[in-house]
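**Q**
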Amino acid sequence: MPSSPAISIAVLDDYQRIASSMANWHGLSTRAKVSFFHDHAGDADDLIARLLSFDVVVLMRERSRIDATVIESLPRLKLVVTVGTWNAAIDMEAARKRGVVVCGTEGGGSHGPSALTWALIMAITRNVAAEAASVRAGGWQTSLGYELAGKTLGLLGLGTLGMAVARYGQAFGMRAIAWSQNLTQEIAAEAGVERVEKNELFRNADVLSVHYKLSERSRDLVGEDEIALMKPTAYLINTSRGPIVSEKALIAALQERRIAGAALDVFDQEPLPPEHPFRFLPNVLATPHIGYVTEETYRRAYGQIVENIHAWLQGSPLRVLNE
């Protein structure tokens, strides 16, 4: 009678139920059993209970938090594989101390997130969601759009994604300005962008787009003071990470109509709670963290995840993040 595979693999947060079709998981079947979870275990106790019998945990970005408590509560855990080369939801040091290997994937690219950023900018400034809903309900034109040509695009962060969004803005006739703590005039000029000081960025931007890496230094980087500097006609776009923008401050500004609106793909808590104001405020366009959710990204990522597991099983792990 054949023995069952020795290794158990949990693939978490497969919301679209497609992870199994994005790579050749069958190639692992002689040595491992793969389980796909389509719901989200948001509570740490629930996550621990779910993962107690697993040796390998596969993460789609930062949907589930693998912190020190979770790591220490999973005696069988030996390998964590995540999409990307960096994941703020994993306690890398706790994993290293426990001897848990953490591997990542490469080549995610900026095309998906930057394209979604521009789609959100276009959608919220032209009221696409509301106008489409009006047509579905039997209505017709209900609002006036906001032209981007001649307006100022403010970029909080000018890395790969920020530069890609700057090019979109320039193609639409926008002036692009940017600020980050390490941005120089030379780097900005090479991208055709004007470097400004932080307060000037918020004062002058007609559309303010966030492109910052989440860290303790950047948490609440956009707070009450920054939002208070924005024009009442300005829009805030966040496709980076939710906690970079103070949720409390942004909700208050939107409720009081101190800015025109916000388009958001990222949130402090994901999935967004059912009764959260961002689901209902009329001047918010919210999408469910889909910046990187493309077929091309998923095929690259899950393909490399399977490669990583094969390599680890052979004793030569690839793309290790916590050496």
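Per the working numbering, the sequence shown starts with residue -10, numbered consecutively.
Every residue, glycine too, gets a C-beta built ideally from N, C-alpha and C.
(1) From residue 109 to residue 198, what distance separates their C-alpha atoms?
(2) Would you tell me roughly how many angstroms separate the C-alpha atoms of residue 86 and residue 47, rounded to the nearest one?
(3) Report the residue ranges of all beta strand (DSSP E) runs contained in full by the region 28 to 55; include only those spanning at least 3 residues, in chain order.
(4) Which residues in the same chain have their Cβ closer than 6 angstroms to the Cβ of residue 0, if we skip the five residues on either side of it in sequence?
(5) Residues in the same chain with beta-carbon distance under 8 angstroms from residue 65, minus the five sequence neighbours each way, listed in chain order, please.
(6) For residue 291, which of 280, 92, 135, 269 has the nearest alpha-carbon?
(7) Taking contact to mean 3 or more Cβ pairs, one atom from each stretch, closer than 8 angstroms, check whether the region 277 to 287 and the region 238 to 251 are in contact.
(8) Work out the CA separation of residue 298 and residue 52 for me, nearest whole Å.
(9) Hey, how far is the Cα of residue 174 from the Cα of residue 184?
(10) Inspect the CB distances between the region 66 to 82 and the region 121 to 134 and report whether three or more fall short of 8 angstroms.
(11) Rank 300, 302, 288 by C-alpha distance to the C-alpha of residue 12 and give the top, closest one.
(12) What residue does the alpha helix (DSSP H) around residue 191 start on, and which one ends it?
(13) Based on the DSSP secondary-structure assignment, which residues constitute the bridge partners of residue 79?
(14) Starting from the C-beta of residue 319, find all residues in its chain whose C-beta is less than 6 angstroms away, skip the five residues before and the five after it, and write them out in chain order.
(15) Give every residue of the same chain whose Cβ lies closer than 7 angstroms to the Cβ of residue 33, excluding the five residues on either side of it in the sequence, and list them in chain order.
(16) By the three-class DSSP mapping on this structure, what secondary structure does residue 168 have?
(17) Could you tell me which of 14, 16, 36 sits nearest to residue 2, measuring between CA atoms?
(18) Among 160, 142, 203, which one has its Cα closest to the Cα of residue 192?
(19) Measuring alpha carbon to alpha carbon, tell me which of 240, 155, 83 ends up nearest residue 178.
(20) Excluding the 5 residues flanking residue 194 on each side, which residues of the same chain have their C-beta closer than 8 angstroms to its C-beta?
(21) Grab the span of the beta strand (DSSP E) containing residue 72 for me, first residue to last.
(22) Once you ignore the five residues that flank residue 234 on each side, which residues in its own chain have a CB closer than 6 angstroms to its CB?
(23) Residue 139 and residue 162 look like a contact to me (Cβ under 8 angstroms); what is the Cβ gap, rounded to whole Å?
(24) Please report the distance separating the alpha-carbon of residue 22 from that of residue 69.
(25) Considering only C-alpha positions, which residue in the set 257, 186, 72 is nearest to residue 232?
(26) Compare the beta carbon distance of residue 253 and residue 282 with 9 angstroms and say whether it is the shorter of the two.
(27) Can you tell me whether DSSP reads residue 224 as helix, strand or coil?
(28) Less than 9 angstroms between the C-beta atoms of residue 101 and residue 260, yes or no?
(29) Assuming residue 99 and residue 150 form a contact by the criterion Cβ under 8 angstroms, report the distance between their Cβ atoms to the nearest whole angstrom.
**A** Inspection of the coordinates gives the following:
(1) 10 angstroms
(2) 19 angstroms
(3) 45 to 48
(4) 8, 25, 47
(5) -3, 41, 42, 43, 44
(6) 92
(7) no
(8) 20 angstroms
(9) 6 angstroms
(10) no
(11) 288
(12) 187 to 193
(13) 55
(14) With the chain covering -10 to 312 only, the question about residue 319 has no answer from this structure.
(15) 58, 59
(16) strand
(17) 36
(18) 142
(19) 155
(20) 141, 142, 143, 166, 219, 220, 223
(21) Note, residue 72: premise wrong, no beta strand (DSSP E); not H, not E.
(22) 211, 227
(23) 6 angstroms
(24) 15 angstroms
(25) 257
(26) no
(27) strand
(28) no
(29) 5 angstroms
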